[in-house]
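Written below as structure tokens is the structure these notes are about.
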Amino acid sequence: MATYRSREFSVAWCAVTALGKFNPDKGGHLILWDLGLVIRFPPGSTILLPSALLVHSNVALMDGEERISLVHFTAGGLFRYVDNGCKTDKVFMETDYRKMSDEERGEWHKERAERWNDALRLMTVWGHNEQE
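Going by the working numbering, the sequence shown opens with residue 356, and the numbers climb by one from there.
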């Protein structure tokens, strides 16, 4: 099963731990599709990755083996909730959004559309130094 870019908080790091009984030389590898990487990922291993930004999955296991993933992530909905004045998107759209002027709505949509790119700019690029 692949996990695609999601509604997680895009600049937050996700911790993934592999558990279970399986031969890590034959299966269970972590695949980071966008980076072209296949990583041996034995039981007990943990990795931190920006999972909302990277399509990722695992290599299938051998018959009779079991792999369990323990995943910790930050739900993007929590941040949208706060941005909406502690209201879900649905409630915000039914209340505050309806009261906005056309100009305010345009600004709200613009800010929402820019969040993804703003979040990407916060990510570190290996070997990149802003002072260079």
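Even for Gly, the Cβ is constructed at its ideal location relative to N, Cα and C.
Of the other Cβ atoms in all chains shown, 16 or more fall within 10 Å of the Cβ of Ala-373; this residue is therefore buried.
The shortest C-alpha to C-alpha distance from Leu-392 to any of Lys-454, Val-414, Gly-399 and Phe-428 is the one to Val-414. Between the C-alpha atoms of Gly-383 and Glu-466 there is a straight-line separation of about 39 Å. Per DSSP, Arg-422 is not a residue of any alpha helix (DSSP H); the beta strand (DSSP E) it occupies stretches across 421-427. Assigned with DSSP and collapsed to three states, Gly-431 falls in helix.
Contact check between the region 454-471 and the region 391-405: fewer than three CB pairs, one atom from each, fall below 8 Å, which does not count as touching.
Of the residues Ser-406, Pro-379 and Val-371, the one whose Cα lies closest to the Cα of Ala-474 is Ser-406. For Leu-409, no alpha helix (DSSP H) segment is defined, and its DSSP state is neither H nor E. From the listed residues Gly-431, Arg-422 and Asn-439, the smallest Cα separation to Asn-378 is found for Arg-422.
DSSP, reduced to helix, strand and coil, places Gly-375 within a strand of the structure shown.
According to the DSSP assignment, Leu-477 belongs to the alpha helix (DSSP H) that extends over 457-477.
Val-426 is classed as exposed because its beta carbon has fewer than 16 other beta carbons within 10 Å across all chains shown.
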